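Participant: Pasting in a structure now, in structure tokens, and then I'll have a few things to ask.
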Amino acid sequence: MEYLIHIAVLVCLYGILGLSLNLVVGETGLISVAHAGFYGIGAYVTALLLVGLGMNFFLAMALGIIASGLVALLISGVISRLRGVYFLFGTIGLNIIAWSIFLNWQSVTRGPLGIPSIPRPGIWGLDLYQNLQFLFLAAASLAIVYFISVFIKKSSFGRVLNSIREDEEATQIFGYATSYYKLAIFTIGAMLAALAGALFATYITYIDPSSFTINESIFIFSTIVLGGLGSSRGAVLGPLLLVFLFEGFRFAGFPSEIAAQMRMLAYGFALVLLMLYRPKGIWGTFRI
Amino acid sequence: MERVNRGSALMWVIVALVVVVGGFSILGGKGGAPSTETGPIKIGVIGPLTGDAAIYGEPFRNTVQLAIDEINATGGIGGRQVEAIYEDGQCNGKEGANAAQKLVNVDKVQAIIGGVCSGETLTVVPIAEKGRVVVVSPSASSPALTGISPYFFRPYPSDASQGNVLANIAYTDKGWKKVAVIQEQVDYAVGLYKVFNQVFSGLGGKTVKEEFSSNVTDFRSVLTKLKAEKPDALFVLTQTAASTQRILKQMEELNWKPQIILDEASAGDKETLTTYKSQLEGALTSEFIPDLSNAKLQKLMSDYKAKYGTELPYLGYMAPAYDIVYILKDGIASVGYNGEKLATWSRTIKDWQGASGSVTISSDGDRVGGYSSEVVHDGKTEPYKK
Amino acid sequence: MDIAIQIALNALIAGAIYSLVVLGFNLLYSTSRFFDLGYGAIAIAGGYAVLYFYKLLGLELWSSIILGIFIAGILGFCIEKIIYRPLRTRKASSAVLLIASLGVLTVIQAVLAILFTSQFQTLGRGAGESRTFEIFGGAITQTQSIILITALVVMTALGLVLKYTLFGKAVKAIADDEEVASIVGINSERMIGIVFFIGSAIGGMAGIATGFDTGLQPTIGLSLLLKGVIAAIVGGIGNVYGGVLGAFLLAIIENLGAWQFSGEWKDAIAFIVLVVFLLFRPQGILPK
Amino acid sequence: MPILSTQKLVKSFGGVHAVDHVDLAFHGGKITALVGPNGSGKTTFINTVTGILPMDGGEIHVGGVVMRRMNPADVAAYGITRTFQNARLIQQISVLDNILVVLTERNVWGALFERHTALHLEKAGNILKKVGLWEKRNENAENLSYGQRKLLEIARAVSMRANIYLFDEPFAGLFPETIEVISDILRTLRDKAASVVLVEHNMNLVRELADYCYVLDGGKVIAEGTPDYVLKQPQVIEAYLGK
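Chains as they are written, first to last, in our numbering: chain A, 1 to 288; chain B, 1001 to 1386; chain C, 2001 to 2288; chain D, 3001 to 3243.
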């Protein structure tokens, strides 16, 4: 049971990451693979404030989210000038630079040593040291992010994002300063990713740079392609399926050396087959 | 905005199926789990079964399995068979945490052997502590693990000891004033460098350090830069022998043949020592070395060779790994298979005789005793003599 | 000042390998018009093929290398035929091709890890096998010189072939406009197949060179590819000589950075170069 | 005074002037036609005026004021809107959303907290009913036929609160009944005092609709006046037939 709870927490975290990335990729058509970078900023800022200053969890998390949002705001001013595949490579660069900073700014991040013993939050007498109660927090966060995601999709703002996704120039002719819209959604996506990062740091209670690599970004990206771009439900379903698939390999009886590679093999194949036979993903509303 | 497409009913069915199948496989895995009172004794094992550090993970798993097979062949513990559940920690914190969650919560083990690296061990311990499971590492040597939890102990000394030995000999005996360090960005190397630098600078020496992340393959410019510093010696400080080999190969290509200091992770790798024999001749190193004349160790080495067909590598890590299984056996025999009781019992271990020699666990969970210095000669390590 | 000379030589060696990567990459890009991420994995598959024939089966060195190059070419050809061609026929967007190629990258890396383990392996049979030359106080080995010469030969050959042969003209026609090319009677499907074979074979050379120089690991496919992409963009995408120029420039900047600044920021420096170019000179140094 | 006028407007591609020091003026309450052979610079003119192509010289005046910022979004804020030769719809959203997107808030913050209202729906409904696409409102735009796409794009342009409408070949390839619907829309706009600019090849339609007409050739204005007048000019006949 505890193990199912553990997996459920992971599903919630990746669900938040999937939803937030979907806003950027699925709704706005910005193919970004920098998400693990923002996820990491949220995790590091929260963890450092908790460990270093003993700050209240929610305050630390809020600051982590704001920090990630500020970084996104600054950076997207630069990279939102890139189009299409160049945007993609810009974001790959971003992720690698963020990772280098986590690894090399050792006076702050402790580099490869990581940050151990991050306290779990305790609120209203709930002892979140219990995984089940942490799951409530994670699930509540997922629900909030889902709500935010649907709220954005249903707003006029969301419609403009869809319009940018398909024809940015035409959208400008309608009178929209599209660069501000891209800036805004990139920042919102980064802030929500940072929320997942804050939860991750306090859940695992240890972070190091290896959780925030470009491969992690590619994994998050794959989950939403599987679930279906442009769909909030798809952005939760994709992570759910892939996390279950990954954990399932633990039980499938493969030799361990092979199992890890089998996961990679499975999701690589999933991407190829999806593109060949169902580029919309499972639930997608948007065919890239 | 979000309209349901026609395929969605089908997709729901698929989702439901996956959830059901996933649930079944998990419950299936759980259903067979017996209570802790009867049936086989399940012990969790976490190590790097994949990735760069798998070179330690494989012999580690083999050694643990060897000890378990021996115990089972002689009637198990109190009549109960021992069964190991291996999980892949990949020497990384997150995977270590996942593996520990599964072992503690699904398999309900009371003891975990591992992790092999400090990185995974650091995340395993808090999870195990919460589940009141005892964790024993054969080789995680980070000073950060000293006194981390009453549920953790290691029949292996902390790196503090290794850094100390190396820095003292380098400065005092060898008379090196300036040592260049090429350090991999992993917790083990960072921890060791800290101790080394502290002691070496304290003595009056100076270090010049370059770092590299584990995925780097081209060291030439970093090495060129260190060479230009004209150091008295180069400390190759890596977590895996693979990186050391890359560095040594590229040093050779650059025609740089300095005095070398090796950490134990590379010094324990026979392939490195023999392949780069001429470059490493006279290299200073320090290992936690079990006494080769120890009859238990000799038996372990010959049994290992008989069973797996290869020489037992990394004696400094594998002898403790082998001993852990027997230590746990003694512990379970005296206090029962219960993490809490085993944790308390672990602090009473004193002069326990095993393949790695005499084991005494201090109150902070570390092995008492330490590293001895060695030099490389003709592709082998031998004790250092002044 | 022999440190400067050695740094220059180091840059030359790294640049030679990047050149091979970028030569194949540019050739593929100029006809297929998308960023084939799978190319990185195909390149190292060539290296692993040599590992298999030369080290495990004990075949002779040169025949192993030729087999390795051939296998990389065939692999590229088959993947194009099975995956990319149906997608192109369906007029799938370049993002779909990109994601499919990401799947290809993941699958090949996983398969290589299953077959050859994920450990680091070098193609050389032992230490001290390669002679070292002294040039103005710097050192370069025989193997490295061969790699450097190969890169220059391949560049020249490719440049000449594209300029003076019928094949080259057909490739150019497809690069300019595939539809027009088909109208004037070029069998573009067949030509693209041949281009994938040749491009992947050149990639295979890069993988083999990497194997002899620094060693192989399944996961270096992505980093090799990214270096190739940066070199291609810096030099001017699709331009044979521009790509090589970009490759050497990138290598020089990386090694200078390692010398003057610090080695651990190497990847970050490479990507900062990329982002700067994307922003200020997206067409590269030598535009097509 | 004209609502929109250009002075010595220049746009060149690699040294060739596609729009060559052009002075045009467009008045409110008038339909002005831009005619000329293929490649005469009509579409380039529209692209330059709407900020899609950066201009290389000259000035554009809107309501007597020089336009300074020439981003497409800024141009729209001056009350200028347009359609394209090949209708550019937002393919993977619904027909209704294609209209709503031009009715809602432009400001980022405002848009984030705004949902489309009954009023928006009513406006969108009216225009969709007018062009006969109400039944298709929930279809994705990519599923429309060629004529429907043109109609939807025009409906979308009309829904913008603009006072200058630039239509780039709105009638090309359409059936007579569709042409009639669109002509009606153009006349309605004119009657509301908007300035309508029409790029068109069909001279009968130009005669029927336009109040004034400019003829472009090689990026230059070669004739202007009422349609009947300019179409009789020898240089115009030569431009169409002579080369």
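Using N, Cα and C, we set each Cβ at its ideal position, and we do this for glycine too. A quick note: this is a predicted structure, and the numbers were derived from the prediction, not measured.
1. Mind checking the segment 1085–1096 of chain B against chain A and listing, in chain order, the residues whose C-beta falls within less than 7 Å of any C-beta there?
2. Would you identify the three-state DSSP class for Lys3192(D), choosing helix, strand or coil?
3. Rounded to a whole number of angstroms, what is the C-alpha to C-alpha distance between Asp1378(B) and Lys1249(B)?
4. Compile a chain-ordered list of the residues in the segment 1056–1067 of chain B whose CB is closer than 8 Å to at least one CB of chain C.
5. If we define contact as Cβ-Cβ less than 9 Å, is His6(A) a contact residue for chain E?
6. By Cβ distance below 8 Å, which residues in the same chain neighbour Asp1159(B) in space, the five residues on each side in sequence not counted?
7. Can a CB atom of chain A be found closer than 9 Å to the CB of Phe2167(C)?
8. So which residues of chain C does Arg165(A) contact, with C-beta pairs closer than 8 Å?
9. Is Asp2267(C) close to chain A? Criterion is C-beta to C-beta, closer than 9 Å.
10. To which residues of the same chain is Ala1084(B) closer than 7 Å at the C-beta, ignoring the five residues directly before and after it?
11. Can you grab the Cα-Cα spacing for the pair Ser3005(D) / Phe3026(D), in whole Å?
12. Quick check: Thr1172(B) and Ser1214(B), are their CB atoms within less than 9 Å of each other?
13. Reducing DSSP to helix, strand and coil, say where Tyr2241(C) ends up.
14. If the cut is a Cβ gap below 9 Å, which residues of chain C does Asn104(A) touch?
15. Can a CB atom of chain A be found closer than 9 Å to the CB of Leu3133(D)?
16. Using a Cβ distance threshold of 8 Å, determine whether the segment 2027–2045 of chain C contacts the segment 2220–2240 of chain C, with at least three qualifying pairs required.
17. Excluding the 5 residues flanking Leu2296(C) on each side, which residues of the same chain have their C-beta closer than 7 Å to its C-beta?
18. Can you tell me whether Glu1120(B) is buried or exposed, with buried defined as 16 or more other CB within 10 angstroms of its CB?
19. By the three-class DSSP mapping on this structure, what secondary structure does His3116(D) have?
20. What did DSSP end up calling Ala2014(C) once you bin it into helix, strand or coil?
21. Reducing DSSP to helix, strand and coil, say where Ile3222(D) ends up.
22. Determine the contact status of His6(A) and Leu21(A), defining contact as a CB-CB distance below 9 Å.
23. Tell me whether Arg2281(C) is buried or exposed, calling it buried when 16 or more other Cβ atoms sit within 10 Å of its Cβ.
24. Is the CB-CB distance between Arg3082(D) and Asp3168(D) below 9 Å?
25. With 9 Å as the C-beta to C-beta threshold (strictly closer), list the residues of the segment 1137–1167 of chain B near chain A in chain order.
26. In the structure shown, what three-state DSSP assignment does Glu166(A) receive?
27. Would the segment 1285–1292 of chain B count as touching the segment 2248–2261 of chain C if we require 3 or more Cβ pairs under 8 Å?
28. So if DSSP puts Thr2141(C) in a beta bridge, which residue, or which two residues, is it bridged to?
29. In three-state terms, what does DSSP make of Glu3139(D)?
30. Considering only their Cβ atoms, is the gap separating Ala2270(C) from Ser1221(B) smaller than 9 Å?
31. Hey, out of Ser210(A), Arg120(A), Tyr176(A), Gly227(A), whose CA is closest to Gly1093(B)'s CA?
32. In the DSSP output, which residue or residues are listed as bridge partners for Ser3012(D)?
33. Which chain B residues sit within Cβ distance under 8 Å of Ser141(A)?
34. At the level of alpha carbons, what is the spacing between Ala194(A) and Glu27(A)?
35. Below 9 Å between beta carbons is the criterion; list the residues of the segment 1275–1286 of chain B that meet it against any residue of chain A, in chain order.
36. Mapping the DSSP letters down to three states, classify Trp105(A) as helix, strand or coil.
Facilitator: Taking the geometry as given:
1. For the segment 1085–1096 of chain B, which is checked against every Cβ of chain A, the residues closer than 7 Å are Tyr1086, Asp1088, Asn1092, Gly1093, Lys1094.
2. DSSP places Lys3192(D) in the coil class of the three-state scheme, outside both helix and strand.
3. The straight-line gap from Cα to Cα measures roughly 18 Å.
4. Sequence-ordered contacts of the segment 1056–1067 of chain B with chain C are nonexistent [C-beta pairs closer than 8 Å].
5. Going by chain labels, chain E is absent from the structure shown, which instead holds the protein chains A, B, C and D.
6. Result list for Asp1159(B): Ser1141, Ser1142, Pro1143, Tyr1188, Gly1191, Leu1192, Val1195, in chain order.
7. Not closer than 9 Å to any Cβ of chain A, the Cβ of Phe2167(C) fails to qualify, so no.
8. The premise fails here: Arg165(A) is roughly 11 Å from chain C at the closest Cβ pair, so nothing lies under 8 Å.
9. Chain A contact via Cβ: present.
10. Correct list, in chain order: Ile1043, Val1045, Val1064, Gln1065, Ile1068.
11. C-alpha of Ser3005(D) to C-alpha of Phe3026(D): approximately 6 Å in a straight line.
12. The Cβ atoms of Thr1172(B) and Ser1214(B) lie no closer than 9 Å to each other.
13. Looking at Tyr2241(C) - three-state DSSP - the assignment turns out to be helix.
14. Simply Ser2262, Glu2264, Trp2265, Ala2268.
15. With 9 Å as the cut-off, Leu3133(D) does not count as an interface residue toward chain A.
16. Between the segment 2027–2045 of chain C and the segment 2220–2240 of chain C there are three or more C-beta pairs closer than 8 Å, enough to call the two in contact.
17. The shown model of chain C, from 2001 to 2288, leaves out residue 2296(C), and the question about it has no answer.
18. Burial call: buried.
19. In the three-state scheme derived from DSSP, where H, G and I count as helix and E and B as strand, His3116(D) is classed as coil.
20. Ala2014(C) falls in the helix class under three-state DSSP.
21. Reduced to three states, the DSSP call for Ile3222(D) is strand.
22. The answer is no: Cβ separation not under 9 Å.
23. When all chains shown are included, Arg2281(C) counts as exposed.
24. A distance below 9 Å separates the beta carbons of Arg3082(D) and Asp3168(D).
25. Listed by position along the chain: Ser1142, Ala1144, Ile1148.
26. DSSP places Glu166(A) within a helical segment (H, G or I) once states are collapsed to three.
27. No, the segment 1285–1292 of chain B does not touch the segment 2248–2261 of chain C.
28. Residue pairing from DSSP places Thr2141(C) in a beta bridge opposite Thr2132(C).
29. If DSSP states are grouped into helix, strand and coil, Glu3139(D) belongs with coil.
30. Going by beta carbons, Ser1221(B) and Ala2270(C) fall outside the 9 Å limit.
31. Gly1093(B) has its Cα closest to that of Ser210(A), out of Ser210(A), Arg120(A), Tyr176(A), Gly227(A).
32. The partner list for Ser3012(D) (beta bridge, DSSP) reads His3017(D).
33. The premise fails here: Ser141(A) is roughly 19 Å from chain B at the closest Cβ pair, so nothing lies under 8 Å.
34. Cα-Cα distance, rounded: 19 Å.
35. The residues in question: there are none.
36. Here Trp105(A) sits in coil by DSSP.
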